[in-house]
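Participant: This is the structure I want to talk about, given as structure tokens.
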Amino acid sequence: MAVSETIKKPRRRLPPFLDHFNVREFKTFFRCWVAVWVACILMFIQPVLSNFGADVFFACVVLFIVPPSGVLFVYILGVVTLFVGICLAWAWGVITLKAALAARSAAEMQALLASLQQAVGIEAQATGESGSRISQRIIFDGWMLDTRVTVVIYCMLCPFIYFMARLRAANPKATLGFLFSIIITDSFLCFGPVLPSFDGTLPLPLVKPAAVGVGIGLACTILFFPQSTVGIILEGINDVVEDLKAPLQFLFTASSMALGKADAEYLGKCQAKVIGGYQKLEPSFAFLPLDFSIGCWGADVVKAFQDPIRQLVMAILALSDFHCSGIKGDIQINELRGRLIDSSDEALDMKKFDKKKSREVGAHQRAQLAELVNALYKEDHSILEELATKLRGTSLTAIEGCLEGLTVIQESLQFVGRQHWYRKASPAEHDQAHERIQTVFGSLRETHTKFLHDMAEGLEEAYGPVLDDFAAQKHQPGNFSGIIIYMNFQEHMVNTLTRTEMLLEQVSNHFSAALRTRLWWPTRIKYAVSWALKRHTKAPTMTAGATPDNPGKLERNEATKAANNKRSPLLGARRGYRPRARHPVGKAILGLYNWIACDEGLYALRIVVVTIAVSIPAVLPSTAGFFYREKGLWALVTSQLGLAVYMADFTFSTFSPAAGTLGGGLLGLLGWYIGSGGGPGNPYGLSAVCAVFLIILLWIRLYIPQNHIPGGTLAAATFLLVIVYSYVDTHNPTYGDPGVGYNVFWRRLLLILIGSGAATIVQIFPYPPSAAHHVCKSLSRSARNLSDYYALLLSSWTQTKADRRALVEPIWMEITQALHILIDPISNLRFEFSSSRFDSATLEQIRQIHHIINNNLARLLVASAALPREYRDQLTQMTGMLDHRCIGEVMAVLGICEQALWTGDSPPEILPTPLVRRALEYGRSHQTGYSLSAEMIKDKDYHQYCVALAAYVRFLGRIDDLVLVIKGALGEAHLVADDLADQV
Numbered sequence: 002m003a004v005s006e007t008i009k010k011p012r013r014r015l016p017p018f019l020d021h022f023n024v025r026e027f028k029t030f031f032r033c034w035v036a037v038w039v040a041c042i043l044m045f046i047q048p049v050l051s052n053f054g055a056d057v058f059f060a061c062v063v064l065f066i067v068p069p070s071g072v073l074f075v076y077i078l079g080v081v082t083l084f085v086g087i088c089l090a091w092a093w094g095v096i097t098l099k100a101a102l103a104a105r106s107a108a109e110m111q112a113l114l115a116s117l118q119q120a121v122g123i124e125a126q127a128t129g130e131s132g133s134r135i136s137q138r139i140i141f142d143g144w145m146l147d148t149r150v151t152v153v154i155y156c157m158l159c160p161f162i163y164f165m166a167r168l169r170a171a172n173p174k175a176t177l178g179f180l181f182s183i184i185i186t187d188s189f190l191c192f193g194p195v196l197p198s199f200d201g202t203l204p205l206p207l208v209k210p211a212a213v214g215v216g217i218g219l220a221c222t223i224l225f226f227p228q229s230t231v232g233i234i235l236e237g238i239n240d241v242v243e244d245l246k247a248p249l250q251f252l253f254t255a256s257s258m259a260l261g262k263a264d265a266e267y268l269g270k271c272q273a274k275v276i277g278g279y280q281k282l283e284p285s286f287a288f289l290p291l292d293f294s295i296g297c298w299g300a301d302v303v304k305a306f307q308d309p310i311r312q313l314v315m316a317i318l319a320l321s322d323f324h325c326s327g328i329k330g331d332i333q334i335n336e337l338r339g340r341l342i343d344s345s346d347e348a349l350d351m352k353k354f355d356k357k358k359s360r361e362v363g364a365h366q367r368a369q370l371a372e373l374v375n376a377l378y379k380e381d382h383s384i385l386e387e388l389a390t391k392l393r394g395t396s397l398t399a400i401e402g403c404l405e406g407l408t409v410i411q412e413s414l415q416f417v418g419r420q421h422w423y424r425k426a427s428p429a430e431h432d433q434a435h436e437r438i439q440t441v442f443g444s445l446r447e448t449h450t451k452f453l454h455d456m457a458e459g460l461e462e463a464y465g466p467v468l469d470d471f472a473a474q475k476h477q478p479g480n481f482s483g484i485i486i487y488m489n490f491q492e493h494m495v496n497t498l499t500r501t502e503m504l505l506e507q508v509s510n511h512f513s514a515a516l517r518t519r520l521w522w523p524t525r526i527k528y529a530v531s532w533a534l535k536r537h538t539k540a541p542t543m544t545a546g547a548t549p550d551n552p553g554k555l556e557r558n559e560a561t562k563a564a565n566n567k568r569s570p571l572l573g574a575r576r577g578y579r580p581r582a583r584h585p586v587g588k589a590i591l592g593l594y595n596w597i598a599c600d601e602g603l604y605a606l607r608i609v610v611v612t613i614a615v616s617i618p619a620v621l622p623s624t625a626g627f628f629y630r631e632k633g634l635w636a637l638v639t640s641q642l643g644l645a646v647y648m649a650d651f652t653f654s655t656f657s658p659a660a661g662t663l664g665g666g667l668l669g670l671l672g673w674y675i676g677s678g679g680g681p682g683n684p685y686g687l688s689a690v691c692a693v694f695l696i697i698l699l700w701i702r703l704y705i706p707q708n709h710i711p712g713g714t715l716a717a718a719t720f721l722l723v724i725v726y727s728y729v730d731t732h733n734p735t736y737g738d739p740g741v742g743y744n745v746f747w748r749r750l751l752l753i754l755i756g757s758g759a760a761t762i763v764q765i766f767p768y769p770p771s772a773a774h775h776v777c778k779s780l781s782r783s784a785r786n787l788s789d790y791y792a793l794l795l796s797s798w799t800q801t802k803a804d805r806r807a808l809v810e811p812i813w814m815e816i817t818q819a820l821h822i823l824i825d826p827i828s829n830l831r832f833e834f835s836s837s838r839f840d841s842a843t844l845e846q847i848r849q850i851h852h853i854i855n856n857n858l859a860r861l862l863v864a865s866a867a868l869p870r871e872y873r874d875q876l877t878q879m880t881g882m883l884d885h886r887c888i889g890e891v892m893a894v895l896g897i898c899e900q901a902l903w904t905g906d907s908p909p910e911i912l913p914t915p916l917v918r919r920a921l922e923y924g925r926s927h928q929t930g931y932s933l934s935a936e937m938i939k940d941k942d943y944h945q946y947c948v949a950l951a952a953y954v955r956f957l958g959r960i961d962d963l964v965l966v967i968k969g970a971l972g973e974a975h976l977v978a979d980d981l982a983d984q985v
């Protein structure tokens, strides 16, 4: 296949918010649109409106909150969590109301009711108004208010709100349950004290439309383009493979260009997109046993793709990371060589004389690193450049082969995904597709073999004579970094070719079964309970980029535990000894304090405070009627939902809903006046207008960035409120109607502003919870995990297990995903006012460095099992990997970085850095004979040795970079370098 046929220029893409014009997205959108439009039509059916009242719009709002955009069973799980919250709040509200009314004696109750009847009779006789309407107004004006009843209700409902808020902060999947439980609880809190008697059906006006909305969504999920987990996984693998092609295409096109910082950033974005796509795909595999599907492949077949796709992702990420590290390394080398400190006496005298000269942070470490780089850079690069030119064609052929294999994988998955009971490919088409798979698979194997041969031949021709001279000791040893670089590239490229072959082989093996279409039934439902209880267990089609409120407190090593069914390896590496245990009483007190004063506890406490502050007017005789007429309940709900665990998220929780309310209100006004003009509103015209406007609102809800989803949902809710309240006021007027059109809009906007203002005050005072400090602590925990990972590597280095890949992959993926989750919180720090000295750019650098350290530790742990004993010993002799002093220096530097991230204290000026220089000095002082010959280039074990050596050097180098980045943000403490220089 020609290069031009495989490598295509990327087409110009629309912004992510608009780039959803494909058949799959349109099917999902159509299903959701039918559901919300049917729910919206209910507002204009008079019998439904009379039965449900103005709250009928809640059916459509529920569908915006829980759109039927995924798999049936997952939609049911989401709905179950929703109704669990409703039922808990309803049950506790009934108990609370019963207990509160019991605080008032029966005699007092009868006296109040008698006085109420007398007041209603007098006013009805004077005004001629209906007695029921007068009694309703008097009751909601606070006639039956009693302090004892109010106190009991607040004392019982506020703890429930507190614990639900803590549940929501601890487990993001409880958000739906929290949202609806809060709405039901608020109805008991605001209207329970004013009721003349016990009413257990108080939340029914909201629950009935919610149930109807859920039922409509369930029906549309079944009737309109139903999805299965198998189909979602096939589409997800196709998307991940498409993302994997981007870094390979970049490496193909950029191989002959001068690369810079922008290219490294592009590769970083490609890696982040791959990780995000894989995170979105991975949870779907666990839901396969729950799946109903009709197709050629069932859950067992699709499950077989999980391991090959994970290994392919790791291989291509490692390859792109190798090139990205090379680009950044070249940039760093050029900077260091350009800033090499002149050590002449004249320069030293000028430095002493110029007292006002600004001092550079990390100058001591940079000076040592610059000297090391300058010493290693004295190599003649002619061999390296000649080798690069010669092997370029071989590399391009290998990359092209991988791209062709990925393309065929996509085509095959799409072919199988199109097979249904109503549409099947002919046997001839199936055989043709299978033959193409076999052809490409054979071609890929040939490319693999040819790549190994050409690389070995090119390296031998370029470095063979030099190595032979070196072996014969005809001259002093030179710098053979080019061998290590090309052997590393060869190993990464071979790994990519191998993993591509593995996935393509799996597709080929199961493709023969794609002739028969059948119904596949679920095999077990155990995972449904696990999904609801475990915090970070996701479901198919859940957004991978969804950021939990507390990304640092991730479940540790769930993937490792599942893979190995035993204690986590990192927890084993974290073993230690405590000389004295804390007293149980002190331990309990400290634990209780930490439980209350933690981030989740303070968030829940803020929700209770804002609940009391905003709801107080509902239980005061002078303001109760005003609170009811002006729909103050929605201001209370807005204030509660506007609070966030951290200040950066609060920015979106405040401004996004306000903007959504404004935009939705304007659309509602436009829709109302278009559909009704100056009249009372025609149900047919309003239904047609809503059908059009709901397309806009639903598109915003489905495809808006995750942080703005509350704003998009509130835009739809405000649109519906303007329409339904205006229609109710003109067709079925009730007490407390806010009016028509513009009156509804400005009242609704005012409620949102009041709720947001209350939330802002409570969020900021007495002090705002800083997301920057929280991200710093999360990265500090990440540094601790990397220290544990390093300890695990050292303890495993001398062991002789055959394969540690089953151990490495879950740990690597766990840490990678934990770091990926921090991308959005770090990005959101731009919208936060914080006292932290770490800004968004610095924390993103630290996150990327942690990611690279994780990659290199994974390679070293795999190499510890692959390398023969002699090469492992040679590596430890060259680098001091197992030397206690070197281990102590690495652990000390990682510990200081961890502490600096946690406390914000400046690290000392003098540290045992650069660690790379100390490792090389150890190798020079302890090397006892080193044999290197041209024959070793053909040795596969030597290739692995070069990979391990480069990984360890990069590991140390990235720790040095981490120190410089932290010092650049925090500065340096305990300055002694200049004083020592003066003494010298």
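Start counting at 1 in the sequence shown, then tack on 1, and there's your number in the numbering used here.
Beta carbons: idealized from backbone N, C-alpha and C, even for Gly.
None of the values given here were measured: they were computed from a predicted structure.
1) Please list the terminal residues of the continuous alpha helix (DSSP H) segment that includes Lys-588.
2) Give me the Cβ distance between Leu-180 and Ser-616, rounded to the nearest whole Å; I'm assuming they're in contact under 8 Å.
3) If you drop the 5 nearest sequence neighbours on each side, which residues of the same chain put their C-beta closer than 8 Å to that of Lys-304?
4) Thinking C-beta only, is Phe-323 closer than 8 Å to His-435?
5) For Pro-681, count the other beta carbons within 10 Å of its own beta carbon; 16 or more makes it buried, fewer makes it exposed. Which is it?
6) Under a three-way DSSP split, which group does Phe-653 fall into?
7) Helix, strand or coil for Ala-426, going by three-state DSSP, please let me know.
8) Leaving out five residues on either side along the sequence, give the residues of the same chain with a beta carbon under 7 Å from the beta carbon of Asp-1044.
9) Quick one: using the 10 Å Cβ neighbour count with 16 as the cut-off for buried, is Lys-939 buried or exposed?
10) For Ala-265, which residues in the same chain have their Cβ closer than 7 Å to its Cβ, ignoring the five residues on either side in sequence?
11) Would you please state the rounded distance, in angstroms, between the beta carbons of Tyr-953 and Thr-880? I believe it to be under 8 Å.
12) Go to Gly-122, then tell me how far its alpha helix (DSSP H) extends in each direction, as first and last residue.
13) Expressed to the nearest angstrom, what Euclidean distance is found between the alpha-carbon atoms of Leu-715 and Pro-658?
14) Nearest to Pro-915 by CA position, among Gly-958, Ile-897, Ala-901, is which residue?
15) Taking the Cβ atom as the reference point for each residue, do His-431 and Leu-320 lie within a distance shorter than 8 Å?
16) Among Leu-895, Gly-178, Thr-639, Val-49, which one has its Cα closest to the Cα of Ile-854?
17) Which full runs of the alpha helix (DSSP H) of 4+ residues lie inside the stretch 823-911, going along the chain?
18) What does a CB cutoff of less than 8 Å around Ile-697 pick up in its chain, not counting 5 residues either side in sequence?
19) For a test of the three-state rule: what should DSSP assign to Ile-617, helix, strand or coil?
20) Output needed for Gln-641: all residues of its chain with C-beta closer than 7 Å, excluding positions within five of it in sequence on either side, in chain order.
21) Taking the DSSP output, what are the residues bridged to Ala-974?
22) Which residue marks the beginning of the alpha helix (DSSP H) containing Pro-210, and which one marks its end?
23) What residues in its chain sit with their C-beta under 6 Å from that of Cys-159, if we drop five residues either side in the sequence?
24) Using 8 Å as the limit for Cβ to Cβ distance, is Ile-154 near chain C?
25) Provide the residue span of the alpha helix (DSSP H) that contains Phe-628, from first to last.
26) The alpha helix (DSSP H) spanning Arg-749 covers which residue range?
27) Does the contact criterion of 3 or more C-beta pairs under 8 Å hold for the stretch 42-52 versus the stretch 194-205?
28) Is the beta carbon of Thr-843 less than 8 Å from the beta carbon of Val-966?
29) Leu-703 and Pro-68: beta carbons closer than 8 Å?
30) Would you tell me roughly how many angstroms separate the C-alpha atoms of Asn-551 and Asn-489, rounded to the nearest one?
31) Going by beta carbon distance, what residues of the same chain come within less than 8 Å of Leu-752, once the five residues before and after it are set aside?
32) Rounded to the nearest angstrom, what separates Ala-104 and Val-208 at their Cα positions?
33) When you compare each of Ser-837, Arg-925, Gln-875 to Ser-907 by their alpha carbons, which one comes out closest?
34) Taking the beta carbon of Ser-783 as the centre, do at least 16 other beta carbons fall within 10 Å, making it buried, or is it exposed?
35) Given a cut-off of 8 Å on the beta-carbon distance, is the pair Ala-649 and Ala-772 in contact?
36) Can you find at least 3 beta carbon pairs, one from the stretch 23-40 and one from the stretch 216-228, that sit closer than 8 Å?
Facilitator: Taking the coordinates as given:
1) Start at 1 with the first residue of the sequence shown, and residue 588 comes out as number 587. From DSSP, the alpha helix (DSSP H) with Lys-588 extends over 585-598.
2) Taking the sequence shown and counting its residues from 1, one reaches residue 180 at position 179. Taking the sequence shown and counting its residues from 1, one reaches residue 616 at position 615. Not confirmed; about 17 Å, so no contact.
3) By 1-based counting over the sequence shown, the position of residue 304 is 303. So the list reads Phe-286, Leu-289, once near-sequence residues are dropped.
4) In the sequence shown, residue 435 corresponds to position 434, counting from 1. In the sequence shown, residue 323 corresponds to position 322, counting from 1. For His-435 and Phe-323, no; Cβs fall outside 8 Å.
5) To locate residue 681, count along the sequence shown from 1; it is residue 680. Pro-681 comes out exposed.
6) Counted from its first residue, the sequence shown places residue 653 at position 652. Annotated three-state conformation of Phe-653 is helix, per DSSP.
7) The residue given as residue 426 occupies position 425 in the sequence shown. If DSSP states are grouped into helix, strand and coil, Ala-426 belongs with coil.
8) This structure cannot settle anything about residue 1044, because the visible part of the chain is limited to 2 through 985.
9) Counting from 1 along the sequence shown, the entry for residue 939 is found at position 938. Using a 10 angstroms sphere on the CB of Lys-939, the tally of other CB atoms stays under 16, which defines it as exposed.
10) The residue given as residue 265 occupies position 264 in the sequence shown. For Ala-265, the CB contacts under 7 Å within the same chain, skipping 5 residues up- and downstream, are Cys-325, Ile-328, Lys-329 in chain order.
11) Here residue 953 corresponds to residue number 952 of the sequence shown, with the count starting at 1. Here residue 880 corresponds to residue number 879 of the sequence shown, with the count starting at 1. Their Cβ separation, rounded to whole angstroms, is 6 Å, which keeps Tyr-953 and Thr-880 in contact under 8 Å.
12) As a first step, residue 122 must be located in the sequence shown, where it is residue number 121. Run containing Gly-122: 107-128, per the alpha helix (DSSP H) assignment.
13) Locating residue 715 in the sequence shown gives position 714, counting from the first residue. Locating residue 658 in the sequence shown gives position 657, counting from the first residue. Each residue's alpha carbon lies about 6 Å from the other.
14) Walking along the sequence shown from the start, residue 915 turns up at place 914. Per the Cα distances, Gly-958.
15) Translated into positions along the sequence shown, residue 431 becomes position 430. Translated into positions along the sequence shown, residue 320 becomes position 319. Note that the C-beta distance between His-431 and Leu-320 is not below 8 Å.
16) Taking the first residue of the sequence shown as position 1, residue 854 is located at position 853. The shortest C-alpha separation from Ile-854 is found at Leu-895.
17) Counting whole runs of 4 or more residues, the stretch 823-911 contains the alpha helix (DSSP H) stretches 824-829, 841-867, 870-880, 885-904.
18) Sequence index remark: in the sequence shown, residue 697 carries index 696 (1-based). Closer than 8 Å at the Cβ level, and outside the excluded window around Ile-697, lie Leu-668.
19) Residue 617 sits at position 616 when you count from the first residue of the sequence shown. When DSSP states are grouped into helix, strand and coil, Ile-617 belongs to the helix group.
20) By 1-based counting over the sequence shown, the position of residue 641 is 640. Counting only residues of its own chain and dropping the five nearest sequence neighbours on each side, Gln-641 has a CB closer than 7 Å to the CB of Ile-183, Ile-608, Val-611, Thr-612.
21) As a working note, residue 974 is residue 973 in the sequence shown. Answer is Pro-909, bridged to Ala-974.
22) In the sequence shown, the residue the question calls residue 210 occupies position 209. Pro-210: member of the alpha helix (DSSP H) spanning 205-224, first to last residue.
23) Stepping through the sequence shown from its first residue, residue 159 is reached at position 158. Closer than 6 Å at Cβ, skipping near neighbours: Val-609.
24) You won't find chain C in this structure, because it holds only one protein chain.
25) Reading the sequence shown from its first residue, position 627 is the one you call residue 628. 625-630 is the extent of the alpha helix (DSSP H) around Phe-628.
26) If you number the sequence shown from 1, residue 749 lands on position 748. Segment 743-765, the alpha helix (DSSP H) holding Arg-749.
27) Contact between the stretch 42-52 and the stretch 194-205 is absent, with fewer than three C-beta pairs closer than 8 Å.
28) Here residue 843 refers to the residue found at position 842 of the sequence shown. Here residue 966 refers to the residue found at position 965 of the sequence shown. Yes, the pair counts as a contact, with Cβ atoms nearer than the cut-off.
29) Along the sequence shown, read from residue 1 onward, the residue named residue 703 stands at position 702. Along the sequence shown, read from residue 1 onward, the residue named residue 68 stands at position 67. Their beta carbons are under 8 Å apart, which means Leu-703 touches Pro-68 by this criterion.
30) Locating residue 551 in the sequence shown gives position 550, counting from the first residue. Locating residue 489 in the sequence shown gives position 488, counting from the first residue. Residue placement at Asn-551 is poorly supported in this model, since its pLDDT is 48, which falls under 50; the coordinates still yield a value, given next. Asn-551 and Asn-489 have their C-alpha atoms some 38 Å from each other.
31) Reading the sequence shown from its first residue, position 751 is the one you call residue 752. The beta carbon of Leu-752 sits closer than 8 Å to those of Glu-631, Lys-632, Gly-633, Trp-635, Ala-636, Thr-639, all from its chain and outside the five residues before and after it, given in chain order.
32) Position 103 of the sequence shown, counting from 1, holds the residue named residue 104. Position 207 of the sequence shown, counting from 1, holds the residue named residue 208. The straight-line gap from Cα to Cα measures roughly 28 Å.
33) Taking the sequence shown and counting its residues from 1, the one referred to as residue 907 is at position 906. If we check each option's Cα against that of Ser-907, Ser-837 comes out closest.
34) Locating residue 783 in the sequence shown gives position 782, where the first residue counts as 1. By the 10 Å Cβ count, Ser-783 comes out buried.
35) Taking the sequence shown and counting its residues from 1, one reaches residue 649 at position 648. Taking the sequence shown and counting its residues from 1, one reaches residue 772 at position 771. Contact: yes.
36) Yes: at least three Cβ pairs fall under 8 Å.
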